[in-house]
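Please read the structure below before turning to the comments.
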Amino acid sequence: MCTIFCLSTGLPDLCPLCLSRCIHMNPISPPEPVQGLPARYFTDEHVHDRIKRSVFFRTWQFACHESRIPKKGDYFTLSLFDQDVYIVRDAEADLRAFYNVCQHRGHRLLEGQGNKKRISCPYHSWTYDLSGRLIGAPNSRSVPGFDASDICVPSIRLENFLGFIFINLDERCASMDECYPGVREEILGLCPDIESRRFAHEHNANEGCNWLTAVENYNECYHCKVAHAEFAKGIIDPDSYNIVPFGEGRVLRHSSLATRSSEAWYDMQGSNYGSFYLWPASSIQLYPGGVVNTYHWRPLSVDDVRVFRGWYSEDGKVDETLQRVIDLDRETTFSEDLELVRNVQRGLRSMGYRPGPLVVDPNGGIDSELSIAALHQWLRESIDRE
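Position one of the sequence shown corresponds to residue 101 (the numbering used here), numbered consecutively onward.
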């Protein structure tokens, strides 16, 4: 196994070719252990800034569900690092995304979510239509050569993926179906009516850790039997749980039989569990019995990330069963993960921390960190390609 020096950190790292051999699905174990990433990937401001540009500004980010902006003029705002964005349903009822910034002197145009017939900047009242075109600027007629038709709010790429709205700041990026091939079909196979689901509930929290600390924790279940006893008996069958790279894209597929425990959280109707993590910070989860939910993460700083937990139903309402699942999830797995990742982030700053070997079992299974090796490879590839 060979070593290279990572362009982003100057520290020795595992060669991506060797790492790819380690995550390839075959029954032969790697010739030697795969080491975890150096702590700087989780704690260094310069590395974090590079990840912002090379990863988050070039990939698909989950914004919201289409049912949250159903009517013409409805809008929804979000921030991705220092980039403010709004999504609006325009006069033709099409969904569009724009940078949330006035083209006059840079003030943010919209806050939160709501409905507007036109968008007026709260600073100097420059006004735009729902297609982003400038339609009014006070006293602009006194300016020789001022042409409002030359001015519009820059648009952002947007895709509706099975009802889930994703944005991408990179205009040259491939489509979602190209980035995550086969995922659409797999999700429809597990939940054929997913496109009719509506937003029902969301809760969120600051996790007090680096985004990668949170995403790593989400994408391995090596800790589930120890730290998530309720999830391991209330939703999944631990003996069948697996997380592996899926298809040709940067996707991790979580799969399991439904729990056979008498302590199941609800009637699972004989179906199974599946979820699809889409690099770098989104996941669509399908609990047994057609309970649809999402995770997505938005980095706030090198030491903090906000996690959003969304739930969806046929009518947009939270019935008794869904409320029970939401409450149990928030009181157990969600809260337990907050404590875990905050503890890990503190440890990553310890002068005594030396990254240990990952438990990369090529056969997968609940006790394998094969998925973490894949995440590390994708991160290295993204940074080194910048």
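Every residue, glycine too, gets a C-beta built ideally from N, C-alpha and C.
Checklist entry - Rounded to whole angstroms, how far is the Cβ of histidine 328 from the Cβ of threonine 227, which I believe are closer than 8 Å? => result Not quite, the Cβ-Cβ distance comes to about 51 Å (not below 8 Å), so this is no contact.
Next on the checklist: Please report the distance separating the alpha-carbon of tyrosine 223 from that of phenylalanine 176.
Outcome noted: 20 Å
Checklist entry - Which whole-angstrom value describes the C-beta separation of glycine 232 and serine 255, a residue pair presumed to lie in contact below a C-beta threshold of 8 Å? => result 6 Å
Checklist entry - From alanine 473 to glutamate 302, what does the alpha carbon distance come to, in whole angstroms? => result 30 Å
Item to check | DSSP state of arginine 430 mapped onto helix, strand, coil | outcome: helix
Checklist entry - Taking the continuous beta strand (DSSP E) assigned at arginine 272, which residues delimit it? => result Segment: none, arginine 272 is in no beta strand (DSSP E) and carries neither H nor E.
Next on the checklist: Taking the beta carbon of cysteine 122 as the centre, do at least 16 other beta carbons fall within 10 Å, making it buried, or is it exposed?
Outcome noted: In this predicted model, cysteine 122 has a pLDDT of only 42, less than 50, meaning its place in the structure is not dependable; the value taken from the coordinates is given anyway. Counting Cβ neighbours within 10 Å, cysteine 122 comes out buried, since at least 16 surround it.
Item to check | Host beta strand (DSSP E) of threonine 177 (start-end) | outcome: 174-180
Checklist entry - By a C-beta neighbour count over all protein chains shown, 10 Å radius and 16 as the cutoff for buried, is phenylalanine 266 buried or exposed? => result buried
Item to check | Which of helix, strand or coil DSSP assigns to tyrosine 453 | outcome: coil
Checklist entry - When you compare only the Cα positions, how much space is there between cysteine 321 and proline 380? => result 18 Å
Item to check | 8 Å Cβ shell around glutamine 213 - same chain, five flanking residues per side excluded | outcome: Arg168, Ile169, Asp174, Tyr175, Phe176, Thr177
Next on the checklist: So if DSSP puts arginine 398 in a beta bridge, which residue, or which two residues, is it bridged to?
Outcome noted: Arg406
Checklist entry - Quick one: what's cysteine 164 bridged to in DSSP? => result Ile265
Checklist entry - Skipping 5 residues on each side, what residues in its chain have a beta carbon closer than 6 Å to that of glycine 236? => result Thr227
Checklist entry - Per DSSP, what kind of secondary structure is tryptophan 379 in: helix, strand or coil? => result coil
Next on the checklist: Can you find the residues in the same chain that come closer than 6 Å, C-beta to C-beta, to glycine 349, ignoring five residues on each side of it along the sequence?
Outcome noted: Cys279, Tyr280, Pro281
Item to check | the region 403-421 in contact with the region 296-315 per 3-pair CB rule at 8 Å | outcome: yes
Checklist entry - For the candidate residues Ser179, Tyr412, Asn200, whose alpha-carbon lies nearest to that of glycine 263? => result Tyr412
Checklist entry - If we count the other Cβ atoms within 10 Å of its Cβ and call it buried at 16 or more, is proline 138 buried or exposed? => result buried
Next on the checklist: Since glutamate 172 and alanine 191 should fall inside the 8 Å C-beta cutoff, what is the C-beta to C-beta distance between them, to a whole number of angstroms?
Outcome noted: Note that residue 172 is lysine in the sequence shown here, rather than glutamate. Their Cβ separation, rounded to whole angstroms, is 6 Å, which keeps lysine 172 and alanine 191 in contact under 8 Å.
Item to check | Cβ neighbour criterion (16 or more within 10 Å) applied to aspartate 415 | outcome: exposed
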